Amino acid sequence: MSQDEYRGMLPGHADFTLPEPAEPKRVNGRRPIPEVPPMPEAAPDPIDVWDQRVANGLAFLRRRLAGAYEIDEFGFDRELTDSVFHPMLRFLYRDWFRTEVYGVENVPSSGGALIVGNHSGTLALDALMLSVALRDRHPQQRHLRLLGADLVFRVPILSELARKAGATVASNPDAERLMNYGELVGVFPEGFKGVGKRFSERYKLQRFGRGGFVSAALRTGTPIVPVAIVGAEEIYPILADFKPLARLLNLPYFPLTPTFPWLGPLGLVPLPSKWLIRFGTPIPTAHLTELADDPMVVFNLADQVRETIQATLLELLELRPDPFGP
Amino acid sequence: MVTSPPNVVVVTGVSRFLGARVAARLASDPRVGRVIGLDTVDPPSALRELLPDVELIRADARAASGVIADLGAEAVVHLAVTSAPDPQHGGRSAMKEQNVIGTMQLLAAAQGASPLRKLVVRSSTAAYGASFRDPAVFTEDTEPRAVPRGSYARDILDIEGYVRGFRRRRPDVVATVLRFAPFLSSTADTTLTRYFAQPVVPTVLGRDARLQFVHVDDALEILHRSVIEDHPGTFNVAGAGVLSLSQAVRRAGRLSLPLPETTLSTLAGLARNVGIGQIGLDQIDLFVHGRVVDASRLISEFGFTPRTTAEAFDDFLRGHAEGSLNSDRLVAAERAILDGIRRLRSTAAVGGDRP
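Quick mapping for you: the protein sequence lines, in order, are chains A and B. Just so we're on the same page, our numbering is the position in the first sequence counted from 1, plus 9. Just so we're on the same page, our numbering is the position in the second sequence counted from 1, plus 101.
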């Protein structure tokens, strides 16, 4: 099959329809006047609100202490994620990075999808912000199941936090199982090459590995949604990589940023860059299931995803002239 | 495919918890003619009551070849697999002798027995080893990535290797390998049940393993069906669902004591040398990596769904004394704290109104 024939087969095209966008609201160029909510007859006693909060908090603590909650076979603890992890991350997402999300309607509202993004930012905060974005902005409030490097799962504490937040080891069996269950799976094919690159190479997509993520999507017929994340490159700009120390500590890189390690723990505070996230048009794969082992198909599709993300990154960068703007 | 049930069944490891129950169940099934129990030691008196209809033969695996040939055994159920070294009975070397050498000799004898139609072997999900690059859920086709550290896991890999060889040489024999998750029930007494019964449970700091269990009664049902019916292949046997170790400890109302992995290994080694405590490298590997398997092949082949991991664990808890942090006390504490806060706030509100 020639490359052109293959591209012709790739839809945005064949049997795929975009999810319907929400009905637009007419605002006549102005912000809608906020409706004054009718005053309730008897305003709820503020004391009761607090009483409820205290009671809910205590019930939550009791459930946690009694082990009365469910985790799935990957170790995902929905209750803990929703009531502890996401509220903490939401502060970074909303107030610190002032994240704006575009194209969330491209993420299917039910069934599996593979969300493929660019990776950057020294610590993988972009993955966490992406999962908060989907939880907050998607109409179905979907959870993102991240695929992480095995280094994450070697480190005590970190490994358990990752599993409880819904992540699992980036391996084809796990990815395919999650997609077969109809979950949203998030993957960053650049891996450490993306997170650990110098500041001078910001927003230049690195190589996409062997395209294992594509073959997993093809085998399960799951659509691929490319996503571009702008903003993470500036949070810990890597000026240099101190390789000897990285080798000594068995890390993929040891970053030297303007603040780390010079300011000690303060250097771990991310710089407050402005973040933009845009989800692209889904690429359906259901008609390519038999070609999952064809390296040509896999490579071409990975390349297409990569080019889409790179192009979207450049578009987003034009929207954001000042990395630390409002 | 269901063929006629075997007429003569040999059960090894009959002096142990699982073997005795399997043999008793087979003996009470009218479709099975004779049940012969093999073991190197006599069954303890508690188990002997279960075995009135079972012909007991005290023999080691070397003598087994004669028995299997003489009796014309049509099915062999191999349950003489020890999961932890027993200091009273020779420790690790005896365990390896029984697990590895015993299986080798039994399978050699079975290979030469022409009436043999069926072989059922107890294995364990420990066969998947433990590695940080493992997928979260093992299917029967997952290969272990590294040779595991634990002695039991290594024995299991050897045993399965012998069964593979046996399958090659006797393709006419229906061979069933059952990879069991750890057993639990209200009465079973295993390393893990003793572990969860302690008032303070040592765990690995920074790790919260995902665990699965299988209820002993379900394991017996599966073993029974694999003797009576034909189910060739390897099957994971585990209850659906997952409990994390911390969650299991909390449900048991115990307190967990997280220790760094190296400290726990050292302490467990010391305790083993003194002869108390039975946490071995097998358990520590389990507590670091966790182990979850996909049992859908078992469910579709046997048409039987074991009760879930959470149900098996609840049944285990019913048979054991409640821990100090049980749910009743937690509910009481919750109510007391809530009432206390309400009272405080109402007095504060009254006090605030007055001036």
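Where a beta carbon is used, it is the ideal one built from N, C-alpha and C, also for glycine. Predicted, not measured: the structure shown is a model, and the values here were computed from it.
- Only buried fits residue 284 of chain A, as 16 or more other CB atoms lie within 10 angstroms of its CB.
- Spatial neighbours of residue 256 of chain B in its own chain (CB-CB distance under 6 Å, excluding positions within 5 residues in sequence) are listed in chain order as 200 and 201.
- Interface with chain B (8 Å Cβ-Cβ cutoff): residue 177 of chain A is included.
- Burial check for residue 304 of chain B: the Cβ neighbour count within 10 Å reaches 16 or more, so the residue is buried.
- The continuous stretches of beta strand (DSSP E) do not include residue 424 of chain B, and DSSP gives it neither H nor E.
- Three or more beta-carbon pairs separated by less than 8 Å link the stretch 419–431 of chain B to the stretch 348–358 of chain B, which places the two stretches in contact.
- Following the DSSP letters along the chain, one finds residue 122 of chain A inside the beta strand (DSSP E) bounded by residues 122–126.
- Nearest CB-CB separation between residue 298 of chain B and chain A: not below the 8 Å threshold.
- With contact defined as three or more Cβ pairs closer than 8 Å, the stretch 294–302 of chain B and the stretch 149–156 of chain B are not in contact.
- When CB distances to chain A are screened at a threshold of 9 Å, the residues of the stretch 236–270 of chain B falling below it are 236, 237, 238, 239, 240 and 243, in chain order.
- Only residues of its own chain outside the window of five on either side were considered, and among them 261 have a CB closer than 6 Å to the CB of residue 201 of chain A, listed in chain order.
- Residue contact with chain A for residue 438 of chain B: present (Cβ-Cβ distance below 8 Å to some residue of chain A).
- Counting the other Cβ atoms within 10 Å of the Cβ of residue 113 of chain B gives 16 or more, which makes it buried.
- The C-beta of residue 143 of chain B comes no closer than 8 Å to any C-beta of chain A.
- With its beta carbon at least 8 Å from every one in chain A, residue 322 of chain B lies outside the interface.
- In this structure the stretch 269–284 of chain A does not touch the stretch 185–202 of chain A; the number of beta carbon pairs closer than 8 Å is below three.
- Under the criterion of beta carbons closer than 8 Å, residue 178 of chain A and residue 157 of chain A qualify as touching, at roughly 7 Å.
- The beta-carbon of residue 397 of chain B is placed no less than 8 Å from the nearest beta-carbon of chain A.
- DSSP links residue 292 of chain A through a beta bridge to A/233.
- Ranking B/291, B/329 and B/289 by CA distance to the CA of residue 277 of chain B puts B/329 first.
- Here residue 204 of chain B is not near residue 281 of chain B, since their CB atoms are 8 Å or more apart.
- For residue 268 of chain A, no alpha helix (DSSP H) run applies, since DSSP gives it neither H nor E.
- Three or more Cβ pairs closer than 8 Å define a contact, and the stretch 315–326 of chain B meets that threshold against the stretch 406–422 of chain B.
- Between residue 250 of chain A and residue 221 of chain A, the C-beta gap is not smaller than 8 Å, which leaves the two residues out of contact.
- Secondary structure at residue 182 of chain A: helix, using DSSP grouped into helix, strand and coil.
- Within chain B, the residues 439 and 442 have their CB atoms less than 7 Å from the CB of residue 63 of chain A, given in chain order.
- If you draw a 10 Å sphere on the C-beta of residue 125 of chain B, you find 16 or more other C-beta atoms in it, and that means buried.
- Taking 7 Å as the upper bound on Cβ-Cβ separation, chain A lies near residues 233 of the stretch 217–233 of chain B.
- For residue 224 of chain B, the beta-bridge partners assigned by DSSP are B/280.
- Taking a 10 Å sphere around the C-beta of residue 253 of chain A, we find fewer than 16 other C-beta atoms and assign the residue as exposed.
- By the Cβ-count criterion, residue 287 of chain A is buried, with 16 or more other Cβ atoms from all chains shown falling within 10 Å of its own Cβ.
- Of the candidates B/172, B/236 and B/252, the residue whose Cα lies closest to the Cα of residue 215 of chain B is B/172.
- Beta-carbon to beta-carbon, residue 90 of chain A and residue 175 of chain A are separated by about 6 Å, close enough to satisfy the 8 Å threshold.
- Here residue 116 of chain B carries a coil assignment [DSSP, helix/strand/coil].
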